[in-house]
Amino acid sequence: MQFEVISLFPEMFSSVLDASLLGKAVKSGALGVQFTDLRRFGLGAHQSVDDTPYGGGAGMVLRPEPIISAIESIEDARGKARKILLTPTGNSLTQENVRRLAAEPRIMLICGRYEGFDARIRNFVDEEISIGDFVLSGGELGAMIVIDAISRHLPGVLGNAASTTEESFETGLLEYPQFTRPPAFRDLTVPEVLLSGNHERIRKWRRRESLIRTRTHRPDLFARITLSDEDRKLLDAPSESEK
Ligand code: 9D3
């Protein structure tokens, strides 16, 4: 996957792309990220990229010309890409969107700053994405999240292909609690079932924990799953500690 990033702050990306999984993906060639500093396409002696909003209001808005020049320059040099504008008014980033985008060969991520974009920029992109209902200072952190989430789906990036499909949001359930050594930490012990070696008991315990956690913390996800007969039994059963 080749990403093209347009940003006024490309230096923000270096630590994220150098670290861990993404660093390895870049080294292996599975992931490539090229940066274009929007300032290069700024207008006039001051390479201006923003201006005050027509109709008044606080703050500054990104002008269309620098962004459209940057998009056209990148596509002329390196070919077409799926063009995504990071904006708080975009469609929510979901695991379904992540999977869909992971099948693209090239993605352009356009990061804004200030109070937003001139609305005419929308006519030059394929989609608009928000990473959630909170206000960021710009699109860069959103773009990094998009790159991270998509990269996990690229061939050869995660050693273990099962780990992407078994995760929550792919199964529609939150994950069960995990434990490792030591068996007792302070006064907190690992559930006995996990030390039992009984794989059927362990499977049922994990399924029940996932179901209960999802029902409690994410009723929206819980409403969308179809419970099996076993699931209903597990939810009715007393917990390990009540037995
Ligand atoms: C919602 C606030 N806006 C109304 C005055 C102004 C505004 C504030 C901050 C517009 C853009 C931004 C910068 N945010 C992003 O570029 C952004 C973002 C976000 O703020 N939340 C969730 N996802 C994203 S993706 C890009």
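Numbering (the numbering used here), first residue to last: 8 to 250.
By construction, the Cβ of each residue, glycine as well, lies at the ideal position given by its N, Cα and C atoms.
Computed from a predicted structure; not experimentally measured.
First through last residue of the beta strand (DSSP E) which encompasses residue i
| i | result |
| --- | --- |
| serine 96 | Strictly speaking, residue 96 in this sequence is threonine, with serine absent from that position. From DSSP, the beta strand (DSSP E) with threonine 96 extends over 89–99. |
| phenylalanine 176 | Per DSSP, phenylalanine 176 belongs to no beta strand (DSSP E) and is neither H nor E. |
| glutamate 182 | Looking at the DSSP string, glutamate 182 is not in any beta strand (DSSP E), and its letter there is neither H nor E. |
Cut-off 8 Å between Cβ atoms - residues of its own chain near residue i, not counting five sequence neighbours on either side
| i | result |
| --- | --- |
| alanine 244 | Arg215 |
| glycine 86 | Arg113 |
Cα-Cα separation, residue i to residue j
| i | j | result |
| --- | --- | --- |
| lysine 34 | glutamate 199 | 42 Å |
| valine 23 | phenylalanine 186 | 27 Å |
| glycine 146 | isoleucine 75 | 17 Å |
| aspartate 125 | alanine 230 | 39 Å |
| methionine 115 | serine 158 | 14 Å |
| glutamate 82 | alanine 88 | 7 Å |
| aspartate 238 | leucine 195 | 28 Å |
| glutamate 79 | phenylalanine 131 | 10 Å |
| lysine 211 | lysine 240 | 10 Å |
| leucine 202 | phenylalanine 192 | 15 Å |
| histidine 206 | proline 189 | 20 Å |
| glycine 5 | leucine 242 | The displayed coordinates of the chain run from 8 to 250. Any statement about residue 5 would go beyond what the structure contains. |
| proline 162 | alanine 37 | 7 Å |
| phenylalanine 20 | arginine 107 | 23 Å |
| arginine 225 | arginine 129 | 33 Å |
Contact set for residue i: own chain, Cβ-Cβ below 6 Å, skip 5 residues either direction
| i | result |
| --- | --- |
| glutamate 135 | Leu92, Thr94 and Gly97 |
| histidine 117 | One detail in the question is off: residue 117 reads as isoleucine in this sequence, not histidine. Result list for isoleucine 117: Ile13 and Leu92, in chain order. |
| proline 60 | Val68 |
| arginine 1 | Nothing about residue 1 can be read from this structure; the chain reaches only from 8 to 250. |
| isoleucine 232 | Gly179 |
Same chain, Cβ closer than 7 Å to residue i, five either side skipped, listed in chain order
| i | result |
| --- | --- |
| alanine 169 | Because the pLDDT of alanine 169 is 49, which lies under 50, any placement of that residue in the model is unreliable, and the question is left without a value. |
| threonine 221 | Leu180, Leu181, Leu228 and Phe229 |
| glutamate 72 | Leu50 |
| glutamate 77 | It is worth fixing the name first, because residue 77 is alanine in this sequence and not glutamate. The residues are Ile13, Thr43, Leu45 and Phe48. |
Any non-hydrogen atom of the ligand ADP closer than 6 Å to residue i Cβ
| i | result |
| --- | --- |
| proline 95 | Absent from the structure shown: the ligand ADP. Ligands present: the ligand 9D3. |
Rounded Cβ spacing between residue i and residue j (contact assumed at less than 8 Å)
| i | j | result |
| --- | --- | --- |
| glutamate 177 | serine 217 | In fact, because the Cβ distance is near 12 Å, the residues do not count as touching under 8 Å. |
| lysine 90 | aspartate 58 | With 8 Å as the limit, lysine 90 and aspartate 58 do not qualify as a contact, their Cβ atoms being about 22 Å apart. |
| serine 137 | serine 99 | 6 Å |
| glutamate 111 | glycine 66 | Their Cβ separation, rounded to whole angstroms, is 33 Å, which puts glutamate 111 and glycine 66 out of contact at 8 Å. |
Unbroken alpha helix (DSSP H) run spanning residue i, endpoints
| i | result |
| --- | --- |
| serine 35 | 27–35 |
| isoleucine 219 | 206–224 |
| valine 200 | 199–202 |
| glutamate 11 | Segment 9–14 is the beta strand (DSSP E) holding glutamate 11; no alpha helix (DSSP H) there. |
3-residue-minimum beta strand (DSSP E) runs that sit fully inside the region 78–166, ordered along the chain: 89–99, 113–118 and 134–137
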